[in-house]
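The sequence shown: position 66 = 66 (the UniProt record's numbering), numbered continuously. Heads up, the beta-carbon is just placed ideally off N, CA and C, and yes, glycines get one too. Step one of this worksheet: look at the structure below.
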Amino acid sequence: MMKFCSMKIPLLFSFLLGSFITLASAANVTYDRRSLIINGQRKLLISASIHYPRSVPAMWPGLVRSAKEGGVDVIESYVFWNGHERSLGNYYFGGRYDLVKFVKIVQQAGMYMILRIGPFVAAEWNFGRSFFASQGGPIILAQVENEYGFFERIYGDGGKQYTMWAAGMALSQNIGVPWIMCQQDDAPDPVINTCNSFYCDQFTPNSPNKPKFWTENWPGWFKTFGGSDPHRPPEDIAFSVARFFQKGGSLQNYYMYHGGTNFGRTSGGPFITTSYDYDAPIDEYGLPRLPKWAHLKELHRAIKSCEHALLNSEPRLLSLGPLQEVDVYADPSGACAAFIANTDDKNDKIVEFQNASYHLPAWSVSILPDCKNVVYNTAMVRSQTSKIEMVPENLQPSSVSSDKDLMGIQWEVFVEKAGVWGKADFAKNGFVDHINTTKDTTDYLWYTTSLHVDENEEFLRKGSQPLLIIESKGHALHAFVNQKLQASASGNGSVSSFKFQAPISLEAGNNEIAILSMTVGLQNGGPFYEWVGAGLISVHINGFSNGPKDLSKYTWTYKIGLEGEHLGIYKADGLNSVKWVSTSVPPKEQPLTWYKAVVNAPAGDEPIGLDMLHMGKGLAWLNGEEIGRYWPRKSSIHDECVQHCDYRGKFSPNKCSTGCGEPSQRWYHVPRSWFKASGNILVIFEEKGGDPSEIRFSIRKTSGFCALVAEDHPSFAPESLHEGGIQHYKNSASVQLKCPINTRISTVKFASFGTPSGTCGSYTMGDCHDPRSISAVEKYDEMVASYYGYVEMVWIHIQFFCGDRFALSGATKPPSGPVRKPPANKKRKKKAGRGRGMNLDDLENDLAMEEDGLDVYQPLPKPPAGFIVDDLGRVLMISNKRIATIVSDEEFEAILPTAEYALAKIHIHLSTKHDYSSADEDGQEVDALLTEGVEITCFHLDQNGQLQLVDDELSEDPCVLSAIDEETEFNALVEEEAALIDTLLGKT
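Next comes the structure, spelled out in structure tokens:
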């Protein structure tokens with residue numbers, strides 16, 4: 001058994017690793033007890049699972065980019081061998097399985113990659129690969145390694161031996177990077193054993209020389225057909241991650257960061273839905289899930305600001321209470337970071353640490369990158385929440401359709417025969433196992449037999465119905481008698497097997513009993529799971545005069561798959577293999593029916609879902625691409641669902657479920673890249689009957705957003721922790737609300753400065769409320785919209801004056817009308833002023849600006865050299881050195897638009913170190929602002945956290961003010977810069 005495996009697996013590893021090492025050979029990767037070491041440097045790494053076959057190549061760059069923008073360093077993926085080696089020795093690395101292309105995209109993004117080579121992957125994916133014995137392959141045990149430790153003991157001594165063999169085989173490949181085995185406590189040196197769980201802070205590697213890695217942190221959970229919709233709150237995910245790094249972890253991976261789609265028949269389980277969304281930070285369609293994605297992004301920034309201290313010092317643990325503690329990391333260089341945790345899952349606490357008081361919400365961690373100031377708390381979510389809707393659109397007939405004169409969609413229909421089509425595959429007394437028979441080449445297996453009914457049977461004379469009783473190992477079936485559907489039944493995500501009974505109609509004489517057995521994904525893990533079968537166990541019919549009929553021992557005739565599948569009528573080269581019947585009114589509630597329509601792609605570039613709410617169960621394709629299984633099966637109304645999830649306390653998959661009594665999956669992702677400009681062929685196979693006239697494409701859109709920010713919410717940017725800037729820190733809460741590209745804020749539904757309460761979509765005013773709140777925000781939006789033509793973003797920076805909270809929610813819609821351009825060369829006198837936080841009085845001052853003062857809202861170019869834009873939209877200096885010197889008039893005028901950006905964002909001013917005096921044409925000295933030697937002056941953070949000029953006198957310098965009054969073209973441009981500052985500060 002082991003000998004057979006050892007001859008085959010090394011070939012698989014060699015085949016893949018040749019490509020991978022070519023891409024990543026430049027790095028020297030080792031590890032010590034603290035972390036991974038890359039090119040001699042310890043690394044604290046945030047990793048994200050993105051499975052390349054669960055999306056499409058057109059999505060890969062965007063997914064990787066979103067992960068990187070979310071603070072991720074590493075992309076992790078399995079290698080899906082059942083897609084790469086679909087038959088023995090025949091490899092495929094194209095389309096969604098183009099692993100090399102995916103790795104290159106990761107590399108081009110400047111990111112690292114963790115490759116979980118397998119050959120076993122689990123991952124709720126059919127069997128993991130096509131090399132298992134039950135599928136005709138050589139593998140009888142599982143790989144190096146994915147959670148084999150859960151089951152090793154069940155295999156006795158052989159399980160342990162396999163673990164050692166697998167590790168040795170992997171090490172013998174000499175790939176040049178460390179190997180890991182997840183959930184494998186006995187992983188031999190130097191293989192690193194890692195943790196997979198919702199929480200891994202208490203995990204300890206099996207050797208003091210190995211680092212603490214977390215390879216699967218589950219930010220959600222998978223969904224099953226007939227199950228409710230699981231969710232994990234972002235506060236709890238952030239808590240688990242912060243605790244892991246607090247307790248010495250150095251690499252953490254989200255499984256999944258983007259779950260994606262189980263296209264075709266790839267979902268495992270069984271009963272795993274086609275959607276593998278996983279409630280991940282990036283949703284199935286590739287959109288960041290807010291606030292989860294943004295809350296974790298801020299967490300990653302906060303943790304990264306502690307990297308040096310975390311990786312280069314030993315923690316000092318201090319108890320601050322019964323369930324409160326702090327881990328302090330301080331090294332001789334002066335770097336210091338602290339993580340203060342409150343593991344009480346019910347009560348907030350105030351703790352004392354280093355002579356300061358800190359408020360800790362229940363079940364939360366506060367991060368202090370300087371051991372003094374809190375920059376992040378896991379329970380305080382200040383990121384916006386976006387409301388996502390699936391907006392339906394009727395199917396539009398394609399312009400290349402042959403029936404151009406017909407209105408609406410023209411359908412073509414083909415109906416399968418129930419039972420054996422064509423020539424039978426074989427006949428046998430009794431039942432065969434479904435999976436062993438089909439080898440997973442199809443979901444479908446027909447079991448057909450004949451039953452004779454005497455014309456004198458009592459149920460015929462009385463008009464009653466006999467009772468069909470079927471027991472099955474799973475997963476689902478449809479029972480036909482004389483070509484008519486009599487009943488359907490199935491198991492569920494917890495128990496695949498089932499037993500059911502249903503009345504049926506029989507006729508005098510011979511009756512054909514045809515049972516269509518179906519799999520809904522295959523077993524993807526567990527001990528001896530390759531022996532877990534499916535299909536019929538027994539069939540009885542009660543109600544006969546001489547007692548029940550046991551059909552289990554009858555001769556059954558078998559046919560594998562469907563005729564339409566066999567002929568490939570969903571593909572371009574098989575569309576004409578059957579005789580389709582055209583109709584503008586497709587049949588409803590008709591089983592075993594293929595539907596075909598030629599449609600246009602929905603307009604726009606938003607993601608698309610296929611709405612199958614009114615269909616029964618089956619498969620769908622677009623242009624030959626496998627959309628996947630559809631089954632809008634409803635979850636039970638008796639399942640435990642919540643209106644509001646309490647993040648406090650340990651999470652389990654059923655803790656925060658929603659959607660009880662609703663379809664487990666209504667919409668099915670159809671990637672934009674699968675659509676052609678016109679002539680798209682949509683093919684549906686319906687098993688039991690539905691209404692195809694109700695099929696719709698739906699556009700996934702952000703319809704609204706909301707956020708709540710409180711005075712005690714940390715908002716200080718971790719990247720500003722340098723050169724003593726933290727000593728000037730004072731919390732000034734802020735929140736950014738941003739619409740998707742090409743949409744605008746259409747309605748402000750709620751706004752309250754004061755003490756609002758509630759959650760997104762259900763905010764209420766508190767005892768303290770400023771009545772100007774909603775009108776001020778509405779006017780602010782209208783003002784900007786009148787200038788832009790639309791509003792994409794609202795930035796609210798609050799200094800609280802009434803209570804301690806601000807809540808805002810709004811709706812979005814596409815813009816209409818032209819985008820206005822800014823007025824040119826508006827002259828304004830410069831006024832002195834300092835930047836400060838905004839309250840409602842500031843906002844109303846801004847609203848009082850006359851129309852021609854809207855220069856500040858014009859689209860601004862990239863920041864000047866030496867500046868960066870942080871994640872909150874602020875412009876920050878890279879260093880405190882002099883950053884720009886202009887040596888000529890042309891260069892100075894060329895940089896004005898760039899300087900304008902800096903002026904509008906951070907209130908800096910252009911000045912000169914040279915003598916301001918010069919001579920006019922008559923030789924008289926005049927005050928003027930020279931155009932040579934100009935530099936952008938330095939600035940600092942004041943006590944309110946605002947960026948200010950180092951020298952405030954520059955804004956009052958008479959030479960500068962005199963220069964602004966000059967009536968030259970150059971000085972008119974300078975005046976415009978000053979006007980921007982005035983407008984921003986509400987001084988106009």
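(message) Which residues does DSSP list as the beta-bridge partners of histidine 475?
(response) According to the DSSP secondary-structure assignment, histidine 475 is paired through a beta bridge with no residue.
(request) With a floor of 3 residues, list each beta strand (DSSP E) that falls wholly inside the region 549-615, ordered by position along the chain. (result) Correct list: 555-560, 581-583, 593-599, 608-611.
(request) To the nearest angstrom, report how far apart alanine 534 and phenylalanine 225 are at their CA atoms. (result) The alpha-carbon atoms of alanine 534 and phenylalanine 225 are separated by roughly 17 Å.
(request) Assess, as a yes-or-no matter, whether the region 273-285 is touched by the region 307-325 under the definition of 3 or more beta carbon pairs within less than 8 Å. (result) Fewer than three pairs of CB atoms, one per stretch, sit closer than 8 Å, so the region 307-325 makes no contact with the region 273-285.
(request) Give the DSSP bridge partners of threonine 385, in chain order. (result) Threonine 385 is bridged by DSSP to Cys706.
(request) Name, in chain order, the residues that DSSP records as bridge partners for phenylalanine 352. (result) The question names phenylalanine, but residue 352 in the sequence shown is glutamate. In DSSP, glutamate 352 forms a bridge with Ser357.
(request) Just grab the DSSP bridge partners of asparagine 377 for me. (result) Asparagine 377 pairs with Ser366.
(message) Assess contact between the region 557-567 and the region 337-357, defined as three or more Cβ pairs (one per stretch) separated by less than 8 Å. Is contact present?
(response) The answer is no - the region 337-357 does not touch the region 557-567, with fewer than three Cβ pairs under 8 Å.
(request) Give me whichever residues DSSP pairs with arginine 696 in a beta bridge. (result) As DSSP reads the structure, arginine 696 sits in a beta bridge with Asn394, Asp611.
(message) For serine 450, tell me which candidate among Phe480, Ala338, Ile435 has the shortest Cα-Cα distance.
(response) Cα-wise, what sits closest to serine 450 is Phe480.
(request) Return the chain-ordered list of same chain residues with a C-beta closer than 7 Å to the C-beta of glutamate 921, the five sequence neighbours on each side being excluded. (result) At glutamate 921, the pLDDT of 46 sits below 50, so the modelled position is not reliable; the number obtained from the coordinates is stated separately. Apart from the 5 residues on each side of it in sequence, glutamate 921 has no Cβ closer than 7 Å to any other Cβ in its chain.
(request) Output the boundary residues of the alpha helix (DSSP H) element that contains glutamate 235. (result) Judged by DSSP secondary structure, glutamate 235 falls within the alpha helix (DSSP H) whose first and last residues are 234-246.
(message) Suppose you measure from the CA of alanine 362 to the CA of alanine 242; what does that come to, to the nearest Å?
(response) Approximately 14 Å between the Cα atoms of the pair.
(message) In whole angstroms, give me the CA-to-CA distance for leucine 622 and lysine 634.
(response) Cα to Cα, leucine 622 sits roughly 25 Å from lysine 634.
(request) Using only alpha-carbon positions, find the residue among Ala514, Leu682, Ile50 that is nearest to aspartate 73. (result) Ranking Ala514, Leu682, Ile50 by Cα distance to aspartate 73 puts Ile50 first.
(request) Just the C-alpha distance for isoleucine 350 and serine 703, rounded to the nearest angstrom, thanks. (result) Looking at the two C-alpha atoms, the distance is approximately 39 Å.
(request) Going by CA-CA distance only, name the one from Asp229, Leu290, Pro369 that's closest to phenylalanine 705. (result) Nearest C-alpha to phenylalanine 705: Leu290.
(request) Compare the Cα-Cα distances from valine 413 to each of Glu686, Gly810, Cys739 and report the closest residue. (result) Looking only at Glu686, Gly810, Cys739, the smallest Cα-Cα distance to valine 413 is reached by Glu686.
(request) Look at leucine 468 and histidine 540 and say whether their C-beta atoms are less than 9 Å apart. (result) Contact: yes.
(message) For lysine 439 and valine 581, I'd like the C-alpha separation in whole angstroms.
(response) Spanning the two alpha carbons is a distance of roughly 32 Å.
(request) List the whole-angstrom C-beta distance separating tryptophan 446 from leucine 522, where the pair is believed to meet the contact cut-off of C-beta under 8 Å. (result) Rounded to whole angstroms, the Cβ separation of tryptophan 446 and leucine 522 is 19 Å, and the two are not in contact under 8 Å.
(message) According to DSSP, cysteine 182 sits in a beta bridge with which residue or residues?
(response) The bridge partners DSSP lists for cysteine 182 are Asn146, Thr194.
(request) Please report the residue range of the alpha helix (DSSP H) in which asparagine 436 lies. (result) 434-438 is the span of the alpha helix (DSSP H), which, as asked, contains asparagine 436.
(request) Measure the C-alpha to C-alpha separation of proline 607 and serine 693 and round it to an integer number of angstroms. (result) Approximately 22 Å, taken between the alpha carbons.
(message) Restricting to Cα atoms, I'd like to know which of Leu536, Gly493, Glu458, Gly568 is closest to glycine 547.
(response) Residue nearest to glycine 547 within the set Leu536, Gly493, Glu458, Gly568 is Glu458 (criterion: CA-CA distance).
(message) Spatial neighbours of aspartate 550 within its chain, please: C-beta separation below 6 Å, excluding the five flanking residues on both sides.
(response) The answer, listed in chain order, is His540.
(request) Kindly identify the DSSP beta-bridge partner or partners of glycine 269. (result) Under DSSP, glycine 269 forms a beta bridge with Gln523.
(request) Helix, strand or coil for glycine 758, going by three-state DSSP, please let me know. (result) In the three-state DSSP reduction, glycine 758 falls in the coil class, being neither helix nor strand.
(message) By DSSP's criteria, aspartate 229 is part of a beta bridge. Which residues make up the other side?
(response) Per the DSSP secondary-structure output, aspartate 229 pairs in a beta bridge with Thr658.
(request) Look at the alpha carbon of phenylalanine 544 and the alpha carbon of histidine 614, and state the distance between them as a whole number of angstroms. (result) Phenylalanine 544 and histidine 614 have their C-alpha atoms spaced approximately 38 Å apart.
(request) Run the CB neighbour count on asparagine 510, radius 10 Å, all protein chains shown included, and call it buried at 16 or more, exposed below. (result) Asparagine 510 comes out exposed.
(request) Can you give me the Cβ contacts of lysine 428 inside the same chain, cut-off strictly under 8 Å, excluding the 5 residues immediately before and after it? (result) In chain order, Thr555, Trp556, Tyr558 place their CB closer than 8 Å to the CB of lysine 428, counting only its own chain and leaving out the 5 sequence neighbours on each side.
(message) Quick check on DSSP: helix, strand or coil for serine 652?
(response) Coil, per DSSP.
(message) Give me, in chain order, the residues of the same chain whose beta-carbon lies closer than 7 Å to that of serine 319; leave out the 5 immediate sequence neighbours on both sides.
(response) Closer than 7 Å at Cβ, skipping near neighbours: Glu325.
(request) Pick helix, strand or coil for glutamate 314, following the three-state DSSP scheme. (result) Of the three classes helix, strand and coil, the one that applies to glutamate 314 here is coil, per DSSP.
(message) Just list the residues that DSSP pairs leucine 622 with in beta bridges.
(response) For leucine 622, the pairing in a beta bridge is given by DSSP as Glu625, Leu682.
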